[in-house]
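To convert, note that position 101 of the sequence shown is 100 in my numbering; the numbers rise steadily by one, no gaps.
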Amino acid sequence: MTPPESPRFYGRRHGRRLRAGRQALVQTVLPRLRVSLPAEPAAVDPAALFPVWVHDIWLEIGFGAGEHLAGMAERHPDIGFIGCEPYMNGVAGLLARLDRNTCRNVRVFDDDARQLLPYLPDRCLGRVFLLFPDPWPKVRHHRRRFISAATLDLLARLMRPNAELRFATDDGACLTWTLEHVMRHPAFAWTPAGRDDWRTRADDAVPTRYEEKALARGARCTYLRIIRCADAVQDQPSLSLPSSSSRDIRSHEQQRLDREPDVRRTGHR
Ligand SMILES: C[S@@+](CC[C@H](N)C(=O)[O-])C[C@H]1O[C@@H](n2cnc3c(N)ncnc32)[C@H](O)[C@@H]1O
């Protein structure tokens, strides 16, 4: 099978020269945490990326300097996090935030998330974060926005029914664009829980750098929890089976247990 064509990335990959400590982290820690693309699409086994048992996989697209990713990984040690970020200074920022514990449940794809998505298996994700994506305000640049019919198609394949896509922005035009695309897509729904649901960050969420800057200058931030709907036929719930989510992840875990019986079965992580 030919690998999917690489999409063009318009953002920055490098900023100021990294300080020696951060450069060292990029050279020594990143290779251990990096998600590499295999030869075949849909061939990355997400649960097998982690040295510890994870009961779900959450993906953050464009983690910036990694405040949210590192914070969430610490709050949810039993979740495997994959963060995508092509901006190397941001990646170095994340690495500086990770400690011995979070290093175990965070993996990094240091490139455009759209390159990774085709390599992940169906319904492997329980949550996706797209927090303060580049708004690309000029009309001629709107097509560069991360949300598009094509990326929603990819996410629809990867997210299990009822999985959540958390989106946040302080940009009204980017919000409208996202809502229009989401409402048009049959696999996604946004149904706010209450009148001001979109004005508050999720309870377990960690503020991002971009968000804090926006709030400090008095901008209004909007938070959407977009749900991956069940497909009419394909996703009919089966009453006798556990959800496909746990089934998929557990089968990965079982395969790993089969490979490494002694350590895992005695409960050491
Ligand atoms: C405005 S910044 C927000 C960063 C962070 N989420 C925050 O809230 O502080 C957008 C980030 O998305 C990253 N980004 C843009 N397009 C991306 C893509 N296709 N895949 C992964 N990251 C992307 C950029 O490099 C940038 O770091």
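Glycine is no exception: its CB is placed at the ideal position from the N, C-alpha and C atoms.
Our two residues, residue 63 and residue 208, have alpha carbons roughly 8 angstroms apart in a direct line. Boundaries around residue 183 are those of the alpha helix (DSSP H), 171-183, since no beta strand (DSSP E) includes it.
Residue 83 and residue 193 have their C-alpha atoms some 31 angstroms from each other. Inside the region 198-227, DSSP marks whole beta strand (DSSP E) runs of 3 or more residues at positions 221-227, from first to last along the chain. Counting along the chain, residue 72 sits inside no beta strand (DSSP E); it lies in the alpha helix (DSSP H) bounded by residues 66-74. Counting of Cβ neighbours within 10 angstroms places residue 20 among the exposed residues, the total staying below 16. Excluding five sequence positions before and after residue 118, the CB atoms of its chain that fall closer than 7 angstroms to its own CB belong to 36, 37, 40, 41, 42 and 43, given in chain order. If you check the C-beta of residue 131 against ligand 1, you find a heavy atom less than 7 angstroms away. Between ligand 1 and residue 200, a heavy atom-to-CB distance of less than 7 angstroms is absent. Taking 8 angstroms as the upper bound for CB-CB distance, residue 132 and residue 61 are in contact here, some 6 angstroms apart. Between residue 228 and residue 167, the C-beta spacing is not below 8 angstroms. For residue 146, the distance from the CB to the nearest heavy atom of ligand 1 is not below 7 angstroms.
Residue 30: member of the alpha helix (DSSP H) spanning 29-32, first to last residue.
Residue pairing of residue 163 in beta bridges, as defined by DSSP: 126 and 226. Secondary structure at residue 144: coil, using DSSP grouped into helix, strand and coil.
Ranked by Cα distance from residue 153, the first of 116, 67 and 91 is 116. By the C-beta density criterion, residue 182 is exposed, having fewer than 16 other C-beta atoms within 10 angstroms.
Residue environment for residue 91: buried (at least 16 other C-beta atoms within 10 angstroms of its C-beta). In this structure residue 77 touches residue 53 by the C-beta definition: roughly 6 angstroms separates them, less than 8 angstroms. Rounded to whole angstroms, the Cβ separation of residue 25 and residue 71 is 22 angstroms, and the two are not in contact under 8 angstroms. Residue 170 sits buried, since 16 or more C-beta atoms from the chains shown fall within 10 Å of its C-beta. In chain order, 141, 143 and 144 place their CB closer than 7 angstroms to the CB of residue 135, counting only its own chain and leaving out the 5 sequence neighbours on each side. Short of 7 angstroms from the beta carbon of residue 10, and not among the five residues preceding or following it, lie these beta carbons of its own chain, in chain order: 85, 86 and 133.
Between residue 8 and residue 59 the beta-carbon gap is near 17 angstroms, outside 8 angstroms, which marks them as no contact. Each residue's CA atom was taken as its position, placing residue 12 and residue 191 some 35 angstroms apart. By the neighbour-count definition (other C-beta atoms within 10 Å, threshold 16), residue 101 is a buried residue. Here DSSP, grouped into helix, strand and coil, assigns residue 188 to strand.
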